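Residue numbers (the numbering used here): 58 to 339. Backbone N, C-alpha and C fix where the C-beta goes; we use that ideal spot for every residue, glycine too. Here the structure is a predicted model, which means the values were calculated and not measured. Contents: one structure, followed by commentary.
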Amino acid sequence: MSEITRRLPAEWESHQATLLCFPHNGNDWPGKYEVIKWAFVEIIRKVAEYERVLLVVKNEELQQKVDAMLQQAHANTKQVKYILQNTNRSWMRDSGPIVVQRSDGKREALQFRFNGWAKYPNHRLDWQVPSAVAKSLKVPVTEVCYQGRPVVLEGGAIEVNGRGTLITTEECLLDQKTQVRNPGFTKEDYAAIFHEYLGVTNVIWLGDGIEGDDTHGHVDDICRFVNPTTVVTCVESNTRDVNHRRLAQNRERLKSSRLEDGSKLKVVEMPMPARLDFEDLR
């Protein structure tokens with residue numbers, strides 16, 4: 058493989074701020090939008106107690122409304138920096154930039170193509186988010202391409218330990234019929250992309266994600282690194298639940314996997330919450 062020139066840090070490493078987007082598309086929250094806004098206010102208030110918050114807002118009018126709500130909630134608004142950028146949705150983990158550290162120590166914002174999880178057609182405004190955030194951070198932005206094609210990838214589709222190991226799912230990245238991200242891409246293609254842009258030398262492939270996840274297999278729903286050698290993975294005890302088999306198979310894959318240095322991965326199990334249905338959807 059070629060020399061590693063970039064590295065995607067683990068989420069527990071030192072960072073400048075937490076990136077969030079204040080929701081403005083009420084259609085994403087049917088019957089719950091007013092409550093959701095205050096839920097986001099509480100998230101921002103809590104994060105701002107400990108670190109800076111970069112907050113993407115649709116326009117100046119929304120910024121003023123959000124600022125008033127934050128003050129009403131007694132949030133530390135001095136810790137909040139606004140970025141004016143219209144969006145279709147508010148999931149910065151998926152449509153926002155992936156910020157990596159280059160070998161020269163400087164940061165770089167990677168712009169993967171966001172296609173609405175290959176499900177929602179209204180996603181073009183979200184294409185502008187990475188460049189807007191990069192401008193605010195004063196870091197260069199790079200569009201990620203492979204073999205002449207923009208690479209579709211969401212942050213929720215990958216999980217890293219910051220030392221070279223990445224976990225993802227076959228359902229999300231390799232399905233060629235449902236919610237297709239990159240038609241024709243293979244595991245070898247993704248390994249090359251992850252190595253070049255994220256500094257990954259070891260990829261652990263899980264199978265399916267959970268039923269009820271409309272992203273079609275995001276790994277961040279089911280398995281997360283909590284330190285460089287340990288993951289917490291979800292398990293379902295109800296054998297009649299479709300997620301029981303999926304999560305059991307993923308657990309076994311994890312237990313037989315190795316880290317980037319060849320050592321075994323420590324696997325901690327976490328029970329799934331009870332099933333919840335809304336308007337006939339899980």
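Please work out which residues of its chain come closer than 6 Å, Cβ to Cβ, to residue 115, disregarding the five sequence neighbours upstream and downstream, and give them in chain order. Excluding sequence neighbours, residue 115 sits near 81 and 143.
Is it buried or exposed, residue 72, if we count other Cβ atoms within 10 angstroms and call 16 or more buried? exposed
Please classify residue 136: is it buried, with 16 or more other beta-carbons within 10 angstroms of its beta-carbon, or exposed? Here residue 136 is buried. Its C-beta has 16 or more other C-beta atoms within 10 Å.
Length-filtered (3 minimum) beta strand (DSSP E) runs lying within the segment 192-275: Runs of the beta strand (DSSP E) inside the segment 192-275: 198-200, 222-226 and 259-263.
Which word fits residue 218, buried or exposed, when buried means at least 16 other C-beta atoms lie within 10 angstroms of its C-beta? Taking a 10 Å sphere around the C-beta of residue 218, we find 16 or more other C-beta atoms and assign the residue as buried.
Span of the beta strand (DSSP E), counted from its first residue to its last, around residue 305: Element bounds for residue 305: not the beta strand (DSSP E) but the alpha helix (DSSP H), 299-312.
May I ask you to report which of helix, strand or coil DSSP gives residue 333? Coil, per DSSP.
Measuring alpha carbon to alpha carbon, tell me which residue in 160, 146, 102 and 192 is nearest residue 86. 146
Measure from the alpha carbon of residue 106 to the alpha carbon of each residue in 133, 127 and 291, then state which is nearest. Nearest to residue 106 by alpha-carbon distance, out of 133, 127 and 291, is 133.
Segment limits, alpha helix (DSSP H) that includes residue 322: No alpha helix (DSSP H) contains residue 322, which DSSP labels as neither H nor E.
To which residues does DSSP link residue 107 through a beta bridge? Note: residue 107 sits in no beta bridge, so no partner.
Spatial neighbours of residue 104 in its chain, beta-carbon cut-off 6 Å, leaving aside the 5 residues before and after: Take residue 104, set aside five residues on each side of it, and the residues of its chain with a beta-carbon closer than 6 Å to its own are 75 and 110, in chain order.
Residue from 88, 281, 163 and 302 whose Cα sits closest to the Cα of residue 224: Closest option to residue 224, Cα to Cα, is 281.
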